[in-house]
Amino acid sequence: MSFLVLVPSELEAKYLKDLSLDLHLIGIGPIDSALSAYEIFREKRPSLAFLTGFAGAYPKSELEIGDVVVGTCEKFVDFGRKYETHLTPLPENIPAWDYCPLTHVFTEKLIYILEVNGFNPQGGPLATVCAATYDLQRARFIEEKFQVLAENMEGFGVGRAARRTKVFLLEIRVISNILSAPEKDWDFERAGKRLREVWECLLREWK
Numbered sequence: 013m014s015f016l017v018l019v020p021s022e023l024e025a026k027y028l029k030d031l032s033l034d035l036h037l038i039g040i041g042p043i044d045s046a047l048s049a050y051e052i053f054r055e056k057r058p059s060l061a062f063l064t065g066f067a068g069a070y071p072k073s074e075l076e077i078g079d080v081v082v083g084t085c086e087k088f089v090d091f092g093r094k095y096e097t098h099l100t101p102l103p104e105n106i107p108a109w110d111y112c113p114l115t116h117v118f119t120e121k122l123i124y125i126l127e128v129n130g131f132n133p134q135g136g137p138l139a140t141v142c143a144a145t146y147d148l149q150r151a152r153f154i155e156e157k158f159q160v161l162a163e164n165m166e167g168f169g170v171g172r173a174a175r176r177t178k179v180f181l182l183e184i185r186v187i188s189n190i191l192s193a194p195e196k197d198w199d200f201e202r203a204g205k206r207l208r209e210v211w212e213c214l215l216r217e218w219k
């Protein structure tokens with residue numbers, strides 16, 4: 013079975029290229045990824061698609077490098093009104109989206125498959141950011157306000173594209189960095205190997 017799989021960049025793709033996946037690079041960040049995903053969904057018309065890649069773990073999540081996260085929703089945390097001390101949503105009378113649900117029957121199936129194959133996936137809300145967090149104070153603020161496990165830069169945009177085109181979207185992330193230790197390099201090698209293991213498992217087990 014071939015899956016339609018979206019990845020932000022070559023950083024992820026190089027670990028998956030030789031697998032039997034319908035793999036597409038969509039670009040890094042919320043705008044390029046959303047536009048690319050929308051075009052792919054309109055052209056391919058899949059019923060189900062996967063977004064996969066790396067993520068940074070928030071301080072209290074207890075996630076470690078190489079851990080697997082399944083998004084149950086995406087929150088666009090850089091969207092709203094930013095004051096000196098805090099950030100708030102736009103007023104209710106302004107129609108705008110900053111939340112995208114990702115929970116459906118396929119989400120439960122994905123988590124189950126990963127669980128029984130020993131990946132111990134953590135399911136929960138993820139944050140979409142415009143800039144990767146290298147500031148511990150910002151990391152703590154986002155985690156506390158939005159109650160999210162990890163951050164990425166594509167989930168919300170791709171999620172919105174999927175909803176517009178009536179595609180069920182699943183998001184699988186592997187932790188590559190810990191936001192409580194911004195001075196440490198992102199461990200793409202370890203996260204990439206784990207990402208490949210996840211997809212070898214899904215190719216074998218997803219029916």
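Read left to right, the sequence shown gives residues 13 to 219 (this note's numbering). Glycine residues also receive a C-beta, built at the ideal position from the N, C-alpha and C atoms.
- Contact annotation: V89 and A139 have beta-carbon atoms nearer than 8 Å.
- Runs of the beta strand (DSSP E) spanning 3 or more residues and lying entirely within the stretch 30-72 occur at 33-37, 60-69, in chain order.
- S73 and L182 have their C-alpha atoms spaced approximately 21 Å apart.
- Here DSSP, grouped into helix, strand and coil, assigns A151 to helix.
- Proximity to L148 across R185, E195, W211, F62 peaks at E195, based on C-alpha coordinates.
- DSSP places V17 in the uninterrupted beta strand (DSSP E) bounded by 15-19.
- Classified as exposed, W109 has fewer than 16 neighbouring CB atoms from the shown chains inside 10 Å of its CB.
- At a Cβ-Cβ threshold of 8 Å, L75 and I154 do not count as neighbours.
- For K87, the enclosing beta strand (DSSP E) has its first and last residue at 80-88.
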